[in-house]
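Quick notes on the structure that follows.
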Amino acid sequence: MIFPRIIARLDIKGPNLVKGIHLEGLRVLGSPSQFANKYFIDGADELFYQDVVASLYNRNSILEFIRNTAKTISIPLTVGGGIREISDISNALEAGADKVAINTAAINNPNIIKEASRIFGSSTIVATVETIESENKTYLAYTDNGREYTGIDIFEWCKKLEDLGAGEIMITSIDRDGTGTGCDTYLIEKIRDLISVPLIAHGGIGVTKHIEQAFLSGANAVAIASIIHYGALFDNEFIDNETIEGNKNFVSNFKKFKSFGPIDIKKIKNELKDIVPIRDK
Amino acid sequence: MEISIINYGMNNLYSVQNACNNIGINSIITDDHEVILNSKIAILPGVGAFREAIQNIKNKNLDKSIYDFISTGKPFFGVCLGMQLLFDESAEFGSTQGLGIIKGKVSRFDSNVKKKLIVPHVGWNKVSFNNNNYKNSVMKNNLNKEFMYFVHSYYVTPQSKDIELTSTTYQDTTYCSSIITENVTAFQFHPEKSGNNGIKIFNEIKKLL
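Protein chains in written order, with the numbering used here: chain E, 4 to 284; chain H, 3 to 211.
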């Protein structure tokens, strides 16, 4: 038996929880810890923090979030963004993360995956692959949160990442990210046939049905963001203007341009439980 | 100190300490022989590679601390790799000798792309009681068939079924997911990452102090 996982993904920029579309146009949604705590209570199987501007901000801010999360939340936490060296991994783990996610550094120096998995164990290392579909079902890898083109074919790359020792692979469809139009099931199926480590699908989930499709395509876990962030914002009490910095217009006017419904992880699991095995308590 | 968390230079020590802090147990992360021996409970945590772990333990003479602590009869806990290390040997890198405290071996799950056998086992899975060992364990609190969090590629097979505390089924393999023998209890899963079910275990550990 495998119980597929629902991972709540929080993209973090400085002090804020943010979410974009195609990894761009980041909107400020609120305080990451407030959302993380809700997802933990609602029954998320894991949390995933992505520091989306790790290179531009002081690393201490994300480490502080990790420390605070670890104090109160007793489910696994993966941290990605700005992991470049072995010492970055040690720092994240010492702060209380259980796994780290690596994309850019692995493209620049594939041996970091090998070395990190030897030192910390494969299961601590999640390799993330961000991709845009180009012509004829060709998928190329991008780095730096979708900003930099590499020209690398991701199917070969996923196999290489497994060989290097990655314990899990997270595939982000940049085309689908933030759109709520469903996962790229072709992409999931194709990677599933190439690797035997757990596969996490990310990008495109807007309704519960999309999660079911991702699992049936071979994903062992899904990372979800917009669906639960916007779902949470339907609760007016949840909007915390005090802690939001920067542009607050989106959150204030959120319901005018909604493309997601009022849903949370508890409801998602309830809808899934008769279809796939799921942790329900 | 109440609990010593044995530090052999491999993570993840901090999540175990966080779990202790959260329910008000004093703990110390240490590699000091005297500190370990003088604590009321010792925990051997660990994530990572078996061979590297054993080498680190031996380099720091912590194998002696572990043997000496266990022989005092005080409660000793192993978690994940910290469970596997107690066994005779692991199939990692051919064969690697363990601490030999528990008779048995450590083997790798079969992985196979064609058969869709996925390794490592990452995520939540159920633990089952198949005997009465749970009654005198820190799992006595209604944890049969409950979910715990697992992250591992290798699993233990004790020589004697009698020490099995729980079993778990992952894909086509049913294996021993925790053991209990006199004062030694060890879990393949991570109680410190298993939400409220894990907290129940830590609360029982607290009662042993």
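Cβ coordinates follow ideal geometry from the N, Cα and C atoms, glycine included.
Keep in mind it's a predicted model, so treat the numbers as computed, not measured.
Name the chain H residues whose beta carbon is nearer than 7 Å to that of residue i?
i	result
E/Ser2	Residue 2 of chain E is absent from the structure shown; chain E starts at 4 and stops at 284.
E/Gly99	Tyr16, Ser17, Asn20
Give me, in chain order, the residues of the same chain whose beta-carbon lies closer than 6 Å to that of residue i; leave out the 5 immediate sequence neighbours on both sides.
i	result
E/Ala222	Ile191, Leu202, Ala204
E/Thr81	Phe51, Lys102, Ala104, Val129
E/Ser125	Gly168, Gly170
Go through its chain and collect everything with a Cβ distance to residue i's Cβ below 7 Å, but skip five positions before and after it.
i	result
E/Asn145	Going by the sequence as given, residue 145 of chain E is Tyr instead of Asn. Excluding positions up to five away in sequence, the list reads Glu133, Thr134, Ile135, Glu151, Tyr152, Thr153, Ile177.
E/Lys16	Leu29, Val55, Val56
H/Val121	Phe111, Ser113, Ser155
E/Ile115	Ile105, Ala108, Ala109
E/Lys193	Phe158
E/Phe38	Leu13, Leu20, His232, Ala235
E/Leu275	Thr211, Ile214, Glu215, Ile281
Please classify residue i: is it buried, with 16 or more other beta-carbons within 10 angstroms of its beta-carbon, or exposed?
i	result
E/Pro265	exposed
E/Val279	exposed
H/Thr170	buried
H/Gly125	buried
E/Gly209	buried
E/Met4	exposed
H/Glu54	buried
E/Glu165	buried
H/Ala93	exposed
Under the assumption that residue i contacts residue j (Cβ atoms under 8 Å), give the Cβ distance between them as a whole number of angstroms.
i	j	result
E/Ile24	H/Tyr151	No, E/Ile24 and H/Tyr151 are not in contact; Cβ-Cβ is about 32 Å, not under 8 Å.
E/Ala104	E/Val129	4 Å
E/Ile76	E/Asp48	Not a contact, Cβ separation roughly 12 Å.
E/Ala295	E/Ile86	For residue 295 of chain E there is no data in the structure shown, the boundaries of chain E being 4 and 284.
H/Ile103	H/Val186	7 Å
H/Glu206	H/Lys128	Not a contact, Cβ separation roughly 19 Å.
E/Lys22	E/Gly181	6 Å
Residue i versus chain H: which residues are under 8 Å apart at the beta carbon?
i	result
E/Asp197	Looking at the sequence shown, residue 197 of chain E is not Asp but Leu. Here the neighbours are Val115.
E/Asn71	Correct list: empty, because the minimum Cβ distance to chain H is about 11 Å.
E/Arg121	Ala51, Glu54
With hydrogens ignored, establish whether the beta-carbon of residue i is closer than 6 Å to any heavy atom of the ligand MN.
i	result
E/Glu274	Looking for the ligand MN in the displayed structure turns up nothing, as the structure carries no ligands at all.
Residues of chain E with CB closer than 7 Å to the CB of residue i, please, in chain order.
i	result
H/Gln57	Correct list: empty, because the minimum Cβ distance to chain E is about 12 Å.
H/Ala21	Ser77
H/Pro47	Residues of chain E passing the Cβ test: none, with the nearest at roughly 12 Å.
Under 9 Å Cβ-Cβ, which residues of chain E neighbour residue i?
i	result
H/Ser155	Gly124, Ser125, Ser126, Gly170
Give the interface partners of residue i over in chain H, defined as CB-CB distance under 9 Å, in chain order.
i	result
E/Leu268	The residue asked about is misnamed: residue 268 of chain E is Ile in this sequence, not Leu. Near E/Ile268 there are no residues of chain H at all, since even the closest Cβ is about 13 Å away, more than 9 Å.
E/Lys74	Asn20, Asn23, Asn24
According to DSSP, is residue i part of a helix, a strand, or is it coil?
i	result
E/Lys276	coil
E/Val200	coil
H/Glu84	Checking the sequence shown, residue 84 of chain H turns out to be Gly, not Glu. Note: H/Gly84 maps to helix in three-state DSSP.
E/Cys161	helix
H/Val18	helix
E/Gln37	helix
E/His25	coil
E/His205	strand
H/Tyr10	coil
E/Phe43	helix
Mind listing the chain E neighbours of residue i? Cutoff is C-beta to C-beta under 8 Å, in chain order.
i	result
H/Leu119	Ser199
H/Thr171	Met4
For residue i, I'd like the list of residues in its chain whose CB is within less than 8 Å of its CB, leaving aside the five on either flank, ordered along the chain.
i	result
H/Asn20	Glu194
H/Glu4	Ile27, Asn28, Ser29, Ser41, Lys42, Ile43, Leu211
E/Thr72	Ser36, Ala39, Leu50, Tyr52, Leu80, Gly99
E/Arg179	Gly185, Cys186, Asp187, Gly206, Gly207
H/Leu39	Ser67, Asp70, Phe71, Thr74
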